[in-house]
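2 protein chains.
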Amino acid sequence: MALGSQEKILEAAHSLFEEKGFSGVTMREISDKSGMNKGLLHYYFKSKQAIFLGVFKSVIRIMFVNISGILERTDIDFDTKIELMIDAYYSMLTKHPKLPLFVLSELSKIKEFTSNTEIPNTLKDASKLIEENLGKYKKVNEGDGFHFLINLISLCVFPFIAQPMLQVVKPNKEESYSDFLASRKSHIKNILIHAYK
Amino acid sequence: MALGSQEKILEAAHSLFEEKGFSGVTMREISDKSGMNKGLLHYYFKSKQAIFLGVFKSVIRIMFVNISGILERTDIDFDTKIELMIDAYYSMLTKHPKLPLFVLSELSKIKEFTSNTEIPNTLKDASKLIEENLGKYKKVNEGDGFHFLINLISLCVFPFIAQPMLQVVKPNKEESYSDFLASRKSHIKNILIHAYK
DNA sequence: GTCTATATCATGATAGAC
DNA sequence: GTCTATCATGATATAGAC
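Chains W and S supply the protein sequences, listed in that same order. The working numbering applies: residue 12 is where the first sequence begins, and numbers increase by one. The working numbering applies: residue 12 is where the second sequence begins, and numbers increase by one.
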C-alpha cells in the first residue's frame, strides 16, 4: 500500500505526537520522520495544529470504533456483552498501548481550540448507546449503567496507561508486565460479572 | 507563610507543569507566574529540567504518602483497609485532580533522564508493602494481591484522569461530573468488598 | 541575591523558484 | 507538487553589573 504524501505526513506525525505530545514534537521532526520536505508540511496543512487535528481525529476513531459496535448489539446477553467489550478494549490496547494516555493527556491540555474541533461530537455518539443498551439489563441497578461502563473501562485501560509506574512497583518480577496485563483479562471478567449478579 | 524565592519558583512551576507538561511550559512563563526574574531561575536551578525534577519529586511524594501509611497498618481488617485506601485516594485526587495524569504522561515520555532521577526508588518502596500486607488476607487468592491493588487504584483514579473525555459522554446531565465522582466512592467500596468475598 | 543585556540556537511559517 | 531560502519570533542559557 503506497502512501500518498499527505498520508506519510499524518502517519509520521501520529507516531511522534503519540510519543511526545503536541508541544514535544517539532515540524522538523515530522519532516524527517515522514521523509517529506518541511515546505510540504505547510502545503498540505496550514499549521502544526492542523496536522495534530488530523491525527487526533483518526486516533479518537480508533479508540471508539470497536466498542460502539458491541454496545449497539442486541442479540447477546449481559455476560457476553461484558466479555466482548473487554476483548475489544484489549484488542485496541494491545495494538495501541500508548493511545489512551496520549488522548487523555492532550484533551486535558486543549482548552482554546476544543470548540474548533469535532472531537466532542464523535464522543457524544457513545453517550446514547450506554443508556439504551445497558439500562435495560436487570442486573444493573437503576442509574448504575454509567458506573458499570466506567468500571469496565477503568479496569481495562488504567493498567495500560499506568504501565511506566506500575511495572516498577510490581512485586512478582518473574512474570512480565505484559503477561500480567493478559492475566487481568479473565480477572476483570470475573469481577464485573460477580459484582453485578 | 512567606515563601522563599526558590519555593516561589517551584510552586509556580508546579502548577504550570501540571497543566501543560514539561515541553508545554517556558522559562518565561515560570518567571512571570512566580514573579521571579528570569535570571534568578538559573541562579537557583541550573536548567529547566532541574526545575522540573524538583517539581516531579515533590509530586510523586504527594501521590504516595497517604497510601503507604495505610498499607503499613496492621491493626485493621481487610474491609476497613479497603475503605481507608479509597478515602486516601479520594482525598488526594480531590485536592490534586490533575496530578496522576501529569505524572503518568510525563513518565511515559521520560526515557533519557529516568535513570538520573530517584523516581523509581520512591515507587519501589510501595512494592513490598503490597505483598506483605495484602497477601495474608484469606479473601485474596494466592498471587492476586497485586491484581487487587491495581483494581482499587484503577477504579479510583481513572475516572479522574479521564474526566475531560467522560464528562462529555456522561448521559445524566443533571448530575455534575464531580457529584458522579463522589457517588463512585461507595460504589467502588461495594464492588471491591463483594468481589473479594 | 537580584537584575539587565545578550549570546546562541531552534521554532513555526512564508515566499517564490522549479 | 516539491524544494530552497529566509523571516520573525521565541526558546534556553550565560555574563556581568549592581
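The C-beta atom is built at its ideal place from N, Cα and C for all residues, glycine as well. These figures come from a predicted structure and were not determined experimentally.
Alpha-carbon spacing of residue i relative to residue j, whole angstroms
{"i": "Phe157(S)", "j": "Glu143(W)", "result": "35 Å"}
{"i": "Lys19(S)", "j": "Val66(S)", "result": "12 Å"}
{"i": "Phe124(W)", "j": "Asp86(S)", "result": "With a pLDDT of 49 at Phe124(W), under the threshold of 50, the modelled position of this residue cannot be trusted; read the value that follows with caution. About 52 Å."}
{"i": "Lys57(S)", "j": "Ile141(S)", "result": "38 Å"}
{"i": "Lys181(S)", "j": "Ile172(S)", "result": "15 Å"}
{"i": "Phe191(S)", "j": "Lys184(S)", "result": "10 Å"}
{"i": "Ser119(S)", "j": "Ala61(S)", "result": "18 Å"}
{"i": "Val76(W)", "j": "Asn48(S)", "result": "50 Å"}
{"i": "Leu110(S)", "j": "Asp155(W)", "result": "27 Å"}
{"i": "Gln178(W)", "j": "Gln174(S)", "result": "24 Å"}
{"i": "Glu1(S)", "j": "Asp88(W)", "result": "Residue coverage of chain S in this structure runs from 12 to 208, which leaves residue 1(S) outside it and unanswerable."}
{"i": "Lys139(W)", "j": "Lys147(W)", "result": "13 Å"}
{"i": "Met176(S)", "j": "Asp43(W)", "result": "32 Å"}
{"i": "Gly80(W)", "j": "Tyr101(W)", "result": "15 Å"}
{"i": "Thr37(W)", "j": "Leu14(W)", "result": "22 Å"}
{"i": "Lys59(S)", "j": "Gly35(S)", "result": "12 Å"}
{"i": "Met12(S)", "j": "Ser189(S)", "result": "31 Å"}
{"i": "His53(S)", "j": "His53(W)", "result": "36 Å"}
{"i": "Arg84(S)", "j": "Ser187(S)", "result": "35 Å"}
{"i": "Arg195(W)", "j": "Gly50(W)", "result": "47 Å"}
{"i": "Lys149(S)", "j": "Lys92(W)", "result": "31 Å"}
{"i": "Leu122(W)", "j": "Lys106(S)", "result": "With the sequence shown as reference, residue 122(W) is identified as Lys, and Leu is not the correct amino acid for it. Between Lys122(W) and Lys106(S), the C-alpha separation is close to 21 Å."}
{"i": "Glu153(S)", "j": "Glu153(W)", "result": "35 Å"}
Nonlocal neighbours in the same chain, by C-beta distance under 7 Å from residue i, ignoring five residues either side
{"i": "Phe33(W)", "result": "Phe63, Glu117"}
{"i": "Tyr55(W)", "result": "Ser16, Gln17, Ile20"}
{"i": "Asp90(S)", "result": "Ile204"}
{"i": "Leu112(S)", "result": "Ile172"}
{"i": "Ala99(W)", "result": "Asn77, Ile78, Ile81"}
Beta-carbon proximity list for residue i, same chain, < 8 Å, skipping 5 on both sides
{"i": "Phe159(W)", "result": "Leu145, Val151, Leu203, Tyr207"}
{"i": "Ile199(S)", "result": "Ile97, Leu163, Leu166, Cys167"}
{"i": "Glu94(W)", "result": "Lys200"}
{"i": "Val114(S)", "result": "Phe67, Val70, Ile71, Met74"}
{"i": "His25(S)", "result": "Val66, Ser69, Val70"}
Neighbourhood of residue i by C-beta, 6 Å cutoff - its chain only, sequence neighbours within 5 removed
{"i": "Glu40(S)", "result": "Leu27"}
{"i": "Leu104(W)", "result": "Phe171"}
{"i": "Ser45(W)", "result": "Lys19, Ile20, Ala23"}
{"i": "Pro108(S)", "result": "Phe171"}
{"i": "Leu82(W)", "result": "Leu140, Asn144"}
{"i": "His205(W)", "result": "none"}
{"i": "Ala193(W)", "result": "none"}
{"i": "Phe169(W)", "result": "none"}
{"i": "Ser197(W)", "result": "none"}
{"i": "Ile161(W)", "result": "none"}
- Query: When Cβ atoms are compared, which residues of the stretch 73 to 85 of chain W fall closer than 7 Å to chain S?
  - Reply: none
- Query: Given a limit of 9 Å on CB to CB distance, which residues of the stretch 47 to 68 of chain W reach chain S?
  - Reply: none
- Query: Using a Cβ cut-off of 9 Å, which residues of the stretch 26 to 49 of chain W contact any Cβ in chain S, in chain order?
  - Reply: Glu30, Lys31, Gly32, Phe33, Ser34, Gly35, Val36
- Which of the residues in the stretch 163 to 183 of chain S, read from start to end, lie with their CB under 9 Å from any CB of chain W? Ile164, Ser165, Leu166, Cys167, Val168, Phe169, Pro170, Ile172, Ala173, Gln174, Pro175, Met176, Leu177, Val179, Val180, Lys181, Pro182, Asn183
- Item | Every unbroken alpha helix (DSSP H) within the stretch 49 to 133 of chain W, with a cutoff of 4 residues, ordered by chain | 49 to 55, 59 to 83, 89 to 106, 110 to 120
- When you check each C-beta in the stretch 138 to 164 of chain S against every C-beta of chain W, which residues fall closer than 8 Å? Ser138, Lys139, Ile141, Glu142, Gly154, Asp155, Gly156, Phe157, His158, Ile161, Asn162, Ile164
- Message: For the stretch 190 to 208 of chain W, list every residue whose C-beta sits within 7 Å of some C-beta in chain S, in sequence order.
- Response: Arg195, His198, Ile202, His205, Ala206
- Could you please tell me which residues of the stretch 89 to 116 of chain S, in chain order, have their CB closer than 9 Å to any CB of chain W? Lys109, Pro111, Leu112, Phe113, Val114, Leu115, Ser116
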